[in-house]
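Asker: The sequence shown runs 287 to 646 under our numbering. In this text, a Cβ means the ideal position worked out from N, Cα and C, and glycines have one as well.
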Amino acid sequence: MNGQFWLALVDTADMVGFTLTFSVNLILLGLIRTRGKHLGTYKYLMSFFSFFSMFYAIVESILRPIMHIENATFFLISRKRFDYSTRLGKINSAFYCACFATSFVLSAVHFVYRYFAACKPHLLRYFNLPLLLLWPLGCSIPVTAWASVSYFLYPDTEYTEAAVTYEGNIKPNRNHVFREVLQTHYDGIKKENVSYIAYVYYQYEDGVRHVYIKNLLGCFVHYFVMSMTFVVVFYCGFSTWWTIREHRGASDRTRQLQNQLFNALVLQTLIPSIFMYIPTGVMFIAPFFDVNLNANANFIVFCSFLYPGLDPLILILIIREFRLTIFGIIKGKPGNNAVMDVYTNSRGKVSSVPVIDLSG
Numbered sequence: 287m288n289g290q291f292w293l294a295l296v297d298t299a300d301m302v303g304f305t306l307t308f309s310v311n312l313i314l315l316g317l318i319r320t321r322g323k324h325l326g327t328y329k330y331l332m333s334f335f336s337f338f339s340m341f342y343a344i345v346e347s348i349l350r351p352i353m354h355i356e357n358a359t360f361f362l363i364s365r366k367r368f369d370y371s372t373r374l375g376k377i378n379s380a381f382y383c384a385c386f387a388t389s390f391v392l393s394a395v396h397f398v399y400r401y402f403a404a405c406k407p408h409l410l411r412y413f414n415l416p417l418l419l420l421w422p423l424g425c426s427i428p429v430t431a432w433a434s435v436s437y438f439l440y441p442d443t444e445y446t447e448a449a450v451t452y453e454g455n456i457k458p459n460r461n462h463v464f465r466e467v468l469q470t471h472y473d474g475i476k477k478e479n480v481s482y483i484a485y486v487y488y489q490y491e492d493g494v495r496h497v498y499i500k501n502l503l504g505c506f507v508h509y510f511v512m513s514m515t516f517v518v519v520f521y522c523g524f525s526t527w528w529t530i531r532e533h534r535g536a537s538d539r540t541r542q543l544q545n546q547l548f549n550a551l552v553l554q555t556l557i558p559s560i561f562m563y564i565p566t567g568v569m570f571i572a573p574f575f576d577v578n579l580n581a582n583a584n585f586i587v588f589c590s591f592l593y594p595g596l597d598p599l600i601l602i603l604i605i606r607e608f609r610l611t612i613f614g615i616i617k618g619k620p621g622n623n624a625v626m627d628v629y630t631n632s633r634g635k636v637s638s639v640p641v642i643d644l645s646g
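Structure (structure tokens):
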């Protein structure tokens, strides 16, 4: 699919994602305030994630990112809504990268909380004030590392402005690769109207491939942050599932609840995997193997626009009180049930089902 098609698709995803993100997260915040009084500190995590999701949607809508992979180079391109300097454009792109990384980190923190609640309830004290304030500080470390790498280790170079194309023994033909990318794939976008970060893995000189060590070091930092958060999500998700599986109950209600908890956990694992980890993994791996996705790399942008609205939607659907309230409003009969305080009982034993009551 050509660049013009992807531009139309990501711009549509921007509008849909922006509307979905604000609608769902505002509803979730309202439910947290009115129906989530017994969620304990988990409501703070949910609220923070909702506010961040809306902020992230605003950043994406302002920067209007597109992505392109060509000639072992991954381009993160921001389309300017108004004129500003190249340096400010670089800062904006790095800030977008910080928001992108924050999505990974916050998802991992959610899974840590669920793991503590199900498997290590005595450790839930680390999510109580004042220790709760340390989590944003800890999360800022990988996020800052991701953004700093994007700004400092991927400077504009001669190679990002010019490419060398070899065909047999024909003399190299220098072209302004970035300008050519815009002209070839995104007709109508001028170079002066965009800012970009170019992830260059290697280049050819006289037919010999030279690796960009600085850029590969930056990619390693990105890989490390993404991999560590994925390991946390997978380990905590699997451990939580295993605890739920091993929790045997005599009643049909308990067994039914276990199945619902398992389904909820599967959904909350699949959503970030499909919309964050898999696309981002492809984004970083493809240039290394010289796979020219070209404008098709924008499927990553498409997913990133939709993710902030989908994840909270899953929370609304799996938390029983929230779900019943929404269905009650639709039917004209708001529910008055209370949410079980299972997530927040740091002194309790895992003798009852160790997650929010999703039955109903």
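With distances taken between CB atoms, is the gap from residue 354 to residue 572 smaller than 7 Å?
Answerer: In this structure, residue 572 does not lie closer than 7 Å to residue 354 by Cβ.
Asker: If I'm right that residue 342 touches residue 565 with Cβ under 8 Å, what's the distance once you round it to whole angstroms?
Answerer: About 16 Å separates the two Cβ atoms, so there is no contact after all.
Asker: Near residue 481, which residues of its chain fall below 7 Å by C-beta distance, leaving aside the five closest residues on each side in sequence?
Answerer: Closer than 7 Å at Cβ, skipping near neighbours: 364, 366, 372, 375, 376, 378, 379.
Asker: My output table needs one value for residue 440: the three-state DSSP class, helix, strand or coil.
Answerer: In the structure shown, residue 440 sits in coil (DSSP, three-state: anything other than H, G, I, E or B).
Asker: Taking the C-alpha atoms as reference points, what is the distance between residue 596 and residue 495?
Answerer: If you take the alpha carbons of residue 596 and residue 495, they lie about 42 Å apart.
Asker: Starting from residue 580, follow its DSSP beta bridges and name the residues at the other end.
Answerer: For residue 580, which the question treats as bridged, DSSP gives the partners 355.
Asker: Starting from the C-beta of residue 518, find all residues in its chain whose C-beta is less than 7 Å away, skip the five residues before and the five after it, and write them out in chain order.
Answerer: Counting only Cβ-Cβ distances below 7 Å, and skipping sequence neighbours, we find 394, 397, 398.
Asker: Counting pairs of Cβ atoms below 8 Å between the stretch 325-337 and the stretch 551-559, do you hit three or more?
Answerer: Result no; under three Cβ-Cβ pairs closer than 8 Å.
Asker: Output the distance between the C-alpha atoms of residue 461 and residue 359, rounded to the nearest integer angstrom.
Answerer: Because residue 461 sits at a pLDDT of 39, beneath the cut-off of 50, its placement in the model cannot be relied upon, and the following sentence gives the value as read from the coordinates. Taking the straight line from one Cα to the other gives about 15 Å.
Asker: Is the Cβ-Cβ distance between residue 562 and residue 586 less than 7 Å?
Answerer: No. Outside cutoff.
Asker: With 7 Å as the threshold, decide whether the Cβ of residue 483 is near any Cβ in chain C.
Answerer: Given the protein chain composition of this structure (a single chain), no chain C is represented.
Asker: With residue 396 as the anchor, note down where its alpha helix (DSSP H) starts and where it stops.
Answerer: Note, residue 396: alpha helix (DSSP H), 372-405.
Asker: Name the residue from 368, 383, 391 whose alpha carbon lies nearest to the alpha carbon of residue 361.
Answerer: Out of 368, 383, 391, 383 has the C-alpha closest to the C-alpha of residue 361.
Asker: Whole angstroms are fine: how far does the CA of residue 532 sit from the CA of residue 347?
Answerer: For residue 347 and residue 532, the distance between alpha carbons rounds to 45 Å.
Asker: Once the 5 residues before and after residue 456 are set aside, which same chain residues still bring their CB inside 8 Å of it?
Answerer: Note on residue 456: pLDDT 34, under 50, position unreliable in the model; the coordinate value appears next. Counting only Cβ-Cβ distances below 8 Å, and skipping sequence neighbours, we find nothing.
Asker: If you check the beta carbons only, do residue 439 and residue 500 fall under 7 Å apart?
Answerer: Yes; because the gap between Cβ atoms is below 7 Å, this pair is in contact.
Asker: How is residue 531 classed by DSSP in three states: helix, strand or coil?
Answerer: Helix.
Asker: Which same chain residues, not among the five before or five after residue 472, have their C-beta less than 6 Å away from its C-beta?
Answerer: Closer than 6 Å at Cβ, skipping near neighbours: 289.
Asker: In this structure, does DSSP put residue 626 in helix, strand or coil?
Answerer: For residue 626, the predicted model reports a pLDDT of 41, less than 50, meaning its position is unreliable and no value from the coordinates is stated.
Asker: If contacts are defined as beta-carbon pairs under 8 Å, then residue 421 and residue 511 qualify, I think. What distance do you get, rounded to the angstrom?
Answerer: With 8 Å as the limit, residue 421 and residue 511 do not qualify as a contact, their Cβ atoms being about 16 Å apart.
Asker: Look up residue 482 in the DSSP assignment and say whether it is helix, strand or coil.
Answerer: Here residue 482 sits in strand by DSSP.
Asker: Along the alpha helix (DSSP H) that carries residue 606, what are the first and last residues, could you check?
Answerer: From DSSP, the alpha helix (DSSP H) with residue 606 extends over 606-617.
Asker: Between the C-alpha atoms of residue 636 and residue 525, what's the straight-line distance to the nearest angstrom?
Answerer: Low local confidence applies: a pLDDT of 38 at residue 636 is under 50, so the model's placement there is unreliable, with the coordinate-based value given in what follows. Cα to Cα, the separation comes out at about 14 Å.
Asker: Does the Cβ-Cβ distance between residue 337 and residue 392 come in under 7 Å?
Answerer: Contact: no.
Asker: Would residue 403 pass as a contact of residue 591 if the rule is Cβ separation under 7 Å?
Answerer: It is not a contact, given that the beta carbons lie outside the stated cut-off.
Asker: Have a look at residue 304 and residue 491 and give me their C-alpha separation to the nearest angstrom.
Answerer: Cα to Cα, the separation comes out at about 44 Å.
Asker: Exposed or buried, what is residue 356 when buried is set at 16 or more other beta-carbons lying within 10 Å of its beta-carbon?
Answerer: With 16 or more Cβ atoms within 10 Å of its Cβ, residue 356 is classed as buried.
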